[in-house]
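K.L.:
Taken in sequence, the protein lines are chains L and Z. Residue numbers are given in our numbering: position 179 of the first sequence equals residue 179, and the series is strictly consecutive. Residue numbers are given in our numbering: position 73 of the second sequence equals residue 1073, and the series is strictly consecutive. Ideal placement from N, C-alpha and C gives every residue a C-beta, glycine not left out.
2 protein chains.
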Amino acid sequence: MSLIVAIDIGGTHIRAAAYTPESTRPIAHHKTRSLAQTPGVFDRLVEAVEAIWQEGNVAAIGIASPGPLDPHSGTILDTPNIPEWANFPIASKLTERFGVPAYLDNDANLAGLAEWQFGAGKGHSDMVYLTISTGVGGGVICNNRLLQGYHGMGAELGHMTIDPNGPLCGCGHRGHVESFSSGPAIARYVNERLQAGDTSTLQPDPNLTPAQIAEAALKGDALAISAYARAGEYLGIAVANYLAIFDPSILIFGGGVSQAGDLLFKPFEASLRRHVFHPHYLDNLTITRAALGDDAGLLGALALARLALNGKK
Amino acid sequence: MSLIVAIDIGGTHIRAAAYTPESTRPIAHHKTRSLAQTPGVFDRLVEAVEAIWQEGNVAAIGIASPGPLDPHSGTILDTPNIPEWANFPIASKLTERFGVPAYLDNDANLAGLAEWQFGAGKGHSDMVYLTISTGVGGGVICNNRLLQGYHGMGAELGHMTIDPNGPLCGCGHRGHVESFSSGPAIARYVNERLQAGDTSTLQPDPNLTPAQIAEAALKGDALAISAYARAGEYLGIAVANYLAIFDPSILIFGGGVSQAGDLLFKPFEASLRRHVFHPHYLDNLTITRAALGDDAGLLGALALARLALNGKK
Chain L
1 MSLIVAIDIG GTHIRAAAYT PESTRPIAHH KTRSLAQTPG VFDRLVEAVE
51 AIWQEGNVAA IGIASPGPLD PHSGTILDTP NIPEWANFPI ASKLTERFGV
101 PAYLDNDANL AGLAEWQFGA GKGHSDMVYL TISTGVGGGV ICNNRLLQGY
151 HGMGAELGHM TIDPNGPLCG CGHRGHVESF SSGPAIARYV NERLQAGDTS
201 TLQPDPNLTP AQIAEAALKG DALAISAYAR AGEYLGIAVA NYLAIFDPSI
251 LIFGGGVSQA GDLLFKPFEA SLRRHVFHPH YLDNLTITRA ALGDDAGLLG
301 ALALARLALN GKK
Chain Z
1001 MSLIVAIDIG GTHIRAAAYT PESTRPIAHH KTRSLAQTPG VFDRLVEAVE
1051 AIWQEGNVAA IGIASPGPLD PHSGTILDTP NIPEWANFPI ASKLTERFGV
1101 PAYLDNDANL AGLAEWQFGA GKGHSDMVYL TISTGVGGGV ICNNRLLQGY
1151 HGMGAELGHM TIDPNGPLCG CGHRGHVESF SSGPAIARYV NERLQAGDTS
1201 TLQPDPNLTP AQIAEAALKG DALAISAYAR AGEYLGIAVA NYLAIFDPSI
1251 LIFGGGVSQA GDLLFKPFEA SLRRHVFHPH YLDNLTITRA ALGDDAGLLG
1301 ALALARLALN GKK
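1) Is the segment 141 to 151 of chain L touching the segment 1010 to 1022 of chain Z, taking contact as three or more C-beta pairs under 8 Å?
2) What residue does the alpha helix (DSSP H) around D1107(Z) start on, and which one ends it?
3) Looking only at C-alpha atoms, which of G119(L), N109(L), E215(L) sits nearest to G149(L)?
4) Looking at the unbroken beta strand (DSSP E) that takes in G11(L), where does it start and where does it end?
5) When the Cα atoms are used, what is the spatial distance from I1061(Z) to P89(L)?
6) Please classify F277(L): does DSSP put it in a helix, a strand, or coil?
7) When the Cα of Y234(L) is compared with those of Y19(L), G121(L), Y129(L), P167(L), which residue comes out closest?
8) Are the C-beta of T161(L) and some C-beta of chain Z separated by less than 8 Å?
9) What residue from V5(L), T199(L), H275(L) has the CA that sits closest to L94(L)'s CA?
10) Assuming G300(L) is part of the alpha helix (DSSP H), what are its boundary residues?
11) For N165(L), is the classification buried or exposed, using 16 other Cβ atoms within 10 angstroms of its Cβ as the cut-off for buried?
12) Thinking C-beta only, is M153(L) closer than 8 Å to Y1281(Z)?
13) For S258(L) and S133(L), what's the separation of their Cα atoms in angstroms?
14) Less than 8 Å between C-beta atoms, sequence neighbours within five positions excluded: which residues of the same chain meet that for L194(L)?
15) Sorted by chain position, which residues of the same chain lie with C-beta nearer than 6 Å to A187(L)'s C-beta, five sequence neighbours on each side aside?
16) Do V1190(Z) and I1213(Z) count as a contact pair if the criterion is CB distance below 8 Å?
17) Just the C-alpha distance for I1052(Z) and V1046(Z), rounded to the nearest angstrom, thanks.
18) By how many angstroms is the C-alpha of D1295(Z) removed from the C-alpha of L1069(Z)?
19) Using a Cβ-Cβ distance cut-off of 8 Å, determine whether I1090(Z) contacts chain L.
20) Less than 8 Å between the CB atoms is what I'm expecting for G1297(Z) and A1064(Z), so what's the real figure, rounded?
21) With distances taken from CA atoms, which of W1085(Z), G1067(Z), V1049(Z), L1003(Z) is nearest T1038(Z)?
22) Compare the Cα-Cα distances from R1044(Z) to each of A1016(Z), R1025(Z), E1022(Z) and report the closest residue.
23) Along the beta strand (DSSP E) that carries N1087(Z), what are the first and last residues, could you check?
24) Pick from I1250(Z), R1306(Z), G1255(Z): whose alpha carbon is nearest that of G1123(Z)?
25) Just the chain L side, please: which residues come within less than 8 Å of F1246(Z) by C-beta, in chain order?
26) Look up K31(L) in the DSSP assignment and give the residues it is bridged to.
27) Look up T1095(Z) in the DSSP assignment and say whether it is helix, strand or coil.
28) Does the contact criterion of 3 or more C-beta pairs under 8 Å hold for the segment 259 to 266 of chain L versus the segment 71 to 80 of chain L?
29) Go through the segment 1203 to 1249 of chain Z residue by residue and report every complete run of the alpha helix (DSSP H) that reaches 4 residues or more, in order.
30) For I162(L), is the classification buried or exposed, using 16 other Cβ atoms within 10 angstroms of its Cβ as the cut-off for buried?
31) Is the shortest distance between the beta-carbon of Y281(L) and the beta-carbons of chain A less than 8 Å?
32) Please report the straight-line C-alpha distance between Q117(L) and H72(L), rounded to a whole angstrom.
33) For N310(L), count neighbouring C-beta atoms within 10 Å of its own C-beta (all shown protein chains included) and say buried if the count is 16 or more, exposed if not.
34) Which of helix, strand or coil does DSSP assign to Y1150(Z)?
35) Given R1033(Z), which residues of its chain have a CB within under 8 Å of its CB, disregarding the five upstream and five downstream residues?
36) Taking only three categories from DSSP, how would you classify A270(L)?
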């Protein structure tokens, strides 16, 4: 009864891995396509778990999934990627099938939890993890505990309004951090400026990627540079807010857009210094990149199950 | 060694009170003028404590003070009200004088802590307390613990930017919650609209108070009504952010401006419903007024010292 099975559910792949106590290297690992839009996602998930299962030797299952979801009841509320999972009690379904307790939280919270337990955030009592990619998500450690909240929907850091007249966010509201600083927000800004007549080496293209814009910026394209500068400017406002709210000792950036490096982070740091409520928040504040990469979801699910078994969640 | 002495330091008065275990009714109480701008504030504080001191029978001292301050080291960094207290190690000074441990935090955090331990927030694991008066301050309970942060400067909820082009805040930044929804922000808006030519029963007046504006609003003055509506609109945006960030089960309003009642809270509630990231945050969310009134600071200092003695802070 010593293994933990961790599951990471993504839009393209489902991964399952088994871990011995104290180790973060899996003794078994299985990856399968999720085919999220096709019925039978749960069956494919069960098969992935079966592929690594050791009957009688597993203590618990941890699950990382896109949200919104309720970690307290282990229920996925409605995740845009997997239409058949509306109000889907995934934790109790897995417990029913495999006979061990199962613990669920969303991928951003668990990537943050993983960074805290095993990665860049080790040893910090107050940590803010921010992932910047298609969306902007957060994972927060307060007083050595994962912030989940009453409905389990806390730390939705990307959906903080920083300008009520700002761009439309994917969620339908205006001026959220995500509507300024996510990958699609950066691409949308470039397309809008191109349509308004700005000159650039880039062409209007609905499929423009943040990586293409970064490439153009590194070659000196002024519009591409300004698109990242704008994302960094608003990110600085957002992070100044997170500092006033959480006062962490470490801020960790994950997600593909953070790969842009100085293009994003130089303007971000200048903006943060201008907007921070009090300079004392910056004293001894570590600002760094995520250490765990693609395994963050699995490792977060592992950490969640371990903490729950130890009564520390 | 069973008593706790609680101290509440305000701009006009210093209060000290002694409490037996388990009770929130003081067995002794002393109030003196702080004369905050006049040297000797610490001596007056010591005299107030001496007036209620029972030698050999006090276990700890709790202190509520305006910030910014560092609760971890018990140091007041610089409080605008008391110029002689810059980097003033008040907790160790009191320990030196009285021979017992002393614990410090800011008045908003401690009013929140008091509401959680003794007032409207009892029994809630995740709570947001917001005081709206001359400033906007916060006190947050996350996972049954007071959010203090690494430098002890967390939960500065009034200094969250919600519009980077918004009005100037008292702190020098733009578009903070406090710059829209505090008492002075409401009065400034009225004065600006009067100077711009709006008609009203109110006259331009730098000393205009939120209470006078509320009185005019209750008599039907359109400008006065719109000033509270605007404060409530932005308060709704701010609270939608706090819900996405903390996902509390209760939201408690304190401070003089909250006395305006429906003038502020009707527009606030409409705005909150429009801006909340996901309607699930509102399910079973309690929104209520503070229960403790003027004693919140003293009771928060009491709670802080009790929790610290029990190792639960």
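P.N.:
According to the data block:
1) no
2) Position 107 of the second sequence, counted from the first residue, corresponds to residue 1107(Z). Where D1107(Z) is concerned, the enclosing alpha helix (DSSP H) stretches over 1107 to 1118.
3) For the purposes of this step, residue 149(L) is taken as residue 149 along the first sequence, with counting starting at 1. Among G119(L), N109(L), E215(L), the Cα nearest to that of G149(L) is on N109(L).
4) Translated into positions along the first sequence, residue 11(L) becomes position 11. It is not in any beta strand (DSSP E) - G11(L) carries neither H nor E in the DSSP assignment.
5) Within the second sequence, the letter at position 61 stands for residue 1061(Z). Within the first sequence, the letter at position 89 stands for residue 89(L). In a straight line, the C-alpha of I1061(Z) is about 49 Å away from that of P89(L).
6) Here residue 277(L) is taken as the residue at index 277 of the first sequence, counted from 1. Looking at F277(L) - three-state DSSP - the assignment turns out to be coil, as it is neither helix nor strand.
7) In the first sequence, the residue the question calls residue 234(L) occupies position 234. The shortest C-alpha separation from Y234(L) is found at P167(L).
8) In the first sequence, the residue the question calls residue 161(L) occupies position 161. So yes, T161(L) belongs to the interface.
9) If you number the first sequence from 1, residue 94(L) lands on position 94. Among V5(L), T199(L), H275(L), the Cα nearest to that of L94(L) is on V5(L).
10) Here residue 300(L) refers to the residue found at position 300 of the first sequence. From DSSP, the alpha helix (DSSP H) with G300(L) extends over 296 to 309.
11) Walking along the first sequence from the start, residue 165(L) turns up at place 165. Exposed, by the Cβ-count rule.
12) Here the question's residue 1281(Z) lines up with position 281 in the second sequence. Here the question's residue 153(L) lines up with position 153 in the first sequence. Yes, these two residues count as a Cβ contact at 8 Å.
13) As a first step, residue 258(L) is located in the first sequence; it is residue number 258 there, counting from the start. As a first step, residue 133(L) is located in the first sequence; it is residue number 133 there, counting from the start. One C-alpha to the other measures close to 8 Å.
14) The residue given as residue 194(L) occupies position 194 in the first sequence. Answer for L194(L): S200, L202, Q203, P204, L223, listed in chain order.
15) The count along the first sequence starts at 1 and reaches residue 187(L) at position 187. If we look at A187(L) and ignore the five residues flanking it on each side, its Cβ neighbours are L208.
16) Taking the second sequence and counting its residues from 1, one reaches residue 1213(Z) at position 213. Taking the second sequence and counting its residues from 1, one reaches residue 1190(Z) at position 190. Yes, they are a contact pair.
17) Sequence index remark: in the second sequence, residue 1052(Z) carries index 52 (1-based). Sequence index remark: in the second sequence, residue 1046(Z) carries index 46 (1-based). In a straight line, the C-alpha of I1052(Z) is about 10 Å away from that of V1046(Z).
18) On the second sequence, residue 1069(Z) is found 69 positions in, with the first residue counted as 1. On the second sequence, residue 1295(Z) is found 295 positions in, with the first residue counted as 1. Looking at the two C-alpha atoms, the distance is approximately 21 Å.
19) As a first step, residue 1090(Z) is located in the second sequence; it is residue number 90 there, counting from the start. It does not; no Cβ of chain L falls within 8 Å.
20) One-based indexing of the second sequence puts residue 1297(Z) at position 297. One-based indexing of the second sequence puts residue 1064(Z) at position 64. With 8 Å as the limit, G1297(Z) and A1064(Z) qualify as a contact, their Cβ atoms being about 4 Å apart.
21) Here residue 1038(Z) refers to the residue found at position 38 of the second sequence. Ranking W1085(Z), G1067(Z), V1049(Z), L1003(Z) by Cα distance to T1038(Z) puts W1085(Z) first.
22) Here residue 1044(Z) refers to the residue found at position 44 when the second sequence is read from its first residue. For the residues A1016(Z), R1025(Z), E1022(Z), the minimum Cα distance to R1044(Z) belongs to A1016(Z).
23) Within the second sequence, the letter at position 87 stands for residue 1087(Z). That run of the beta strand (DSSP E) goes 1086 to 1088.
24) Sequence index remark: in the second sequence, residue 1123(Z) carries index 123 (1-based). When each option's Cα is compared against that of G1123(Z), the closest is I1250(Z).
25) On the second sequence, position 246 is the one that residue 1246(Z) refers to. Those are L147, G149, G154, listed as they occur along chain L.
26) Translated into the one-based positions of the first sequence, residue 31(L) becomes position 31. According to DSSP, K31(L) bridges with R15(L).
27) Locating residue 1095(Z) in the second sequence gives position 95, where the first residue counts as 1. DSSP places T1095(Z) in helix when its eight states are reduced to three.
28) no
29) 1210 to 1218, 1222 to 1246
30) Within the first sequence, the letter at position 162 stands for residue 162(L). Classification of I162(L): buried, given that the 10 Å Cβ count is 16 or more.
31) Annotation note: the requested chain A is absent from the structure, which comprises protein chains L and Z.
32) Translated into positions along the first sequence, residue 117(L) becomes position 117. Translated into positions along the first sequence, residue 72(L) becomes position 72. One C-alpha to the other measures close to 21 Å.
33) Looking up residue 310(L) in the first sequence gives position 310. It is exposed - the Cβ of N310(L) has fewer than 16 other Cβ atoms within 10 Å.
34) Taking the second sequence and counting its residues from 1, the one referred to as residue 1150(Z) is at position 150. Y1150(Z) falls in the coil class under three-state DSSP.
35) Mapped onto the second sequence, residue 1033(Z) falls at position 33. Cβ neighbours of R1033(Z) beyond the five flanking positions: T1012, H1013, I1014, R1044.
36) The residue labelled residue 270(L) in the question sits at position 270 within the first sequence. Helix, per DSSP.
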